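S.K.: If you use my numbering, the sequence shown corresponds to residues 58 to 207, in order. All C-beta atoms, glycine included, are put in the ideal place defined by N, C-alpha and C. If you're wondering where the values come from, they're calculated on a predicted model, not measured in any experiment. Here you go, one structure.
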Amino acid sequence: MKMLAVSLSLLFVSAANASMVLEVPTDHWAERNEAKFEVNKEQGRAWVTLMQIQPRRGGHKSAGPGEFARETRAKVPGMSYDEASKSIVLDQDGRIVECATVRTRGVSIFKYDKITPTGCKLIVKKAKKAQDDGFRTRYISVTQVHLIAE
């Protein structure tokens, strides 16, 4: 019983720290949605990207070349890239949270940044949203990305 109470309290604390950072109309052709952190290290910037991924033609469901991903970026207030710690950080009213670590991998022209989430979670949800045009109310499907800072 005590474990249940602790789990529920953690759930409510996490929900209290959640904030919606991105909302777009749902792409009904998308097979899956993924959210990730991205950076521009030279300018010290970081953001969240939502990828709405459509399968290849011919019904193949494996990942790889031929997939189409519609990407939408969102700047999160207080989020930046910290060169000293090589991490994506989030400033929430003076409280600094390390959201992800950024490590450069590969050699020469094959270098890339490996971003590993640490203290923040990105959760993708689908929802219905009322849209009122002054004559009628209709409901549209939206895809949302929520950021939970731990």
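What residue range is occupied by the uninterrupted beta strand (DSSP E) comprising residue 112?
M.R.: It is not in any beta strand (DSSP E) - residue 112 carries neither H nor E in the DSSP assignment.
S.K.: Return the first residue and the last residue of the beta strand (DSSP E) that residue 186 is part of.
M.R.: 177-189 is the span of the beta strand (DSSP E), which, as asked, contains residue 186.
S.K.: So, is residue 184 buried or exposed, given that buried needs 16 or more other C-beta atoms within 10 angstroms?
M.R.: By the 10 Å Cβ count, residue 184 comes out exposed.
S.K.: Can the beta-carbon of residue 101 be found closer than 9 Å to that of residue 144?
M.R.: Not a contact, by the Cβ cut-off of 9 Å.
S.K.: Thinking C-alpha only, which one of 80, 202 and 86 is nearest residue 10?
M.R.: Residue 10 is absent from the structure shown; the chain starts at 58 and stops at 207.
S.K.: Just to check my reading of the structure: residue 205 and residue 75 have Cβ atoms closer than 8 Å, yes? What is that Cβ distance to the nearest angstrom?
M.R.: 5 Å between Cβ atoms; contact.
S.K.: What residue does the beta strand (DSSP E) around residue 85 start on, and which one ends it?
M.R.: Here residue 85 belongs to no beta strand (DSSP E), and DSSP marks it neither H nor E.
S.K.: Quick one: using the 10 Å Cβ neighbour count with 16 as the cut-off for buried, is residue 94 buried or exposed?
M.R.: Classification for residue 94: buried.
S.K.: Where do the N-terminal and C-terminal ends of the beta strand (DSSP E) with residue 100 fall, by residue?
M.R.: Per DSSP, residue 100 belongs to no beta strand (DSSP E) and is neither H nor E.
S.K.: Looking at the structure shown, is residue 167 part of a helix, part of a strand, or coil, going by DSSP?
M.R.: Looking at residue 167 - three-state DSSP - the assignment turns out to be helix.
S.K.: Which stretch, first to last residue, makes up the beta strand (DSSP E) that contains residue 142?
M.R.: Taken as a continuous stretch (DSSP letters only), residue 142 belongs to no beta strand (DSSP E), as it is neither H nor E.
S.K.: On the DSSP letters alone, give me the boundaries of the beta strand (DSSP E) that residue 193 sits inside.
M.R.: No beta strand (DSSP E) contains residue 193, which DSSP labels as neither H nor E.
S.K.: How would you call residue 157, buried or exposed, if buried means at least 16 neighbouring beta carbons within 10 angstroms?
M.R.: Classification of residue 157: buried, given that the 10 Å Cβ count is 16 or more.
S.K.: Please check the pair residue 181 and residue 202, which I expect to be a contact at CB under 8 Å, by giving their CB distance rounded to whole angstroms.
M.R.: The pair is a contact, with the Cβ atoms about 6 Å apart (cut-off 8 Å).
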